[in-house]
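Numbering (the numbering used here), first residue to last: 1 to 220. No residue lacks a Cβ here, since even glycine has one placed at the ideal position from N, Cα and C. All figures in this text were calculated on a predicted structure; none of them were measured in a lab. Comments concern the structure below.
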Ligand SMILES: N[C@@H](CCC(=O)N[C@@H](CS)C(=O)NCC(=O)O)C(=O)O
């Protein structure tokens with residue numbers, strides 16, 4: 001498999017954690033979202049993903065004969081990896097636990113990330129909107145909701161003691177929030193979960209600064 005992604009993309013980061021946790025062999029093909037014009041908009045990438053976004057998982061020949069070999073949308077990719085490589089699991093075993101993990105993941109995937117996505121922010125700036133204030137509002141609001149939902153159900157991780165999709169979307173979003181100076185002091189559950197996650201080797205392997213396309217001296 002090939003993971004087409006970008007070192008600092010939060011959505012790519014989710015998939016990297018899953019691949020590392022499940023020990024799935026793959027290669028990485030960087031797509032530079034910050035290149036002149038954005039490599040995500042090049043025709044060869046739009047053929048992989050007509051949304052012109054990362055991540056895209058390129059499947060092995062024979063995974064789906066006759067169909068395009070590309071899978072976009074990080075949550076769909078996580079579901080695919082979970083079905084194809086069920087052990088170790090990234091969802092709890094019980095129906096409600098699985099739904100809770102997906103609920104939390106969607107708070108970030110649908111409720112936060114689309115509002116802070118590179119393309120959206122660039123468009124807002126072209127309209128004269130002060131994007132940093134926009135980002136702080138929407139990311140802060142979404143993470144506060146995540147904290148409120150997770151607090152009564154979290155154990156070591158977001159849903160009890162089972163690492164799940166919820167944690168895979170949370171950790172990159174917390175890093176994004178810090179880049180924009182969002183105060184996380186009101187989210188003690190999230191900070192506790194983050195500490196537990198960052199102690200795991202799969203999170204270390206997926207760290208943006210350890211990726212081949214990360215700059216040696218990262219911009220702030
Ligand atoms: N819902 C999509 C979101 C993908 C997405 O927004 N990716 C961002 C990077 S985190 C991107 O490619 N942005 C490029 C752009 O907007 O031009 C997913 O989960 O895969």
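Taken atom to atom, the span from the alpha-carbon of residue 149 to that of residue 104 is near 8 Å.
By the Cβ criterion, the region 120 to 131 is not in contact with the region 159 to 174, since fewer than three pairs of Cβ atoms, one from each stretch, lie closer than 8 Å. Around the beta carbon of residue 5, 16 or more other beta carbons lie within 10 angstroms, which makes this residue buried. Exclusion of the five residues before and after residue 211 leaves 7 as the residues of its chain whose Cβ lies within less than 6 Å of its Cβ. Annotated three-state conformation of residue 71 is strand, per DSSP.
DSSP, read as helix, strand or coil, puts residue 120 in helix. The way I'd put it, the region 69 to 84 doesn't touch the region 131 to 143; fewer than three beta-carbon pairs between them come closer than 8 Å. Rounded to the nearest angstrom, the gap between the Cα atoms of residue 25 and residue 60 is 11 Å. One thing to note: residue 55 has its Cβ no nearer than 8 Å to the Cβ of residue 120. Distances from the CB of residue 72 to the heavy atoms of ligand 1 include at least one below 7 Å. In the structure shown, the three-state DSSP call for residue 5 is strand. Residue 29 sits in a strand when the DSSP states are folded into three classes. For residue 171 against residue 197, the beta-carbon gap comes to about 5 Å, under 8 Å, which counts as contact.
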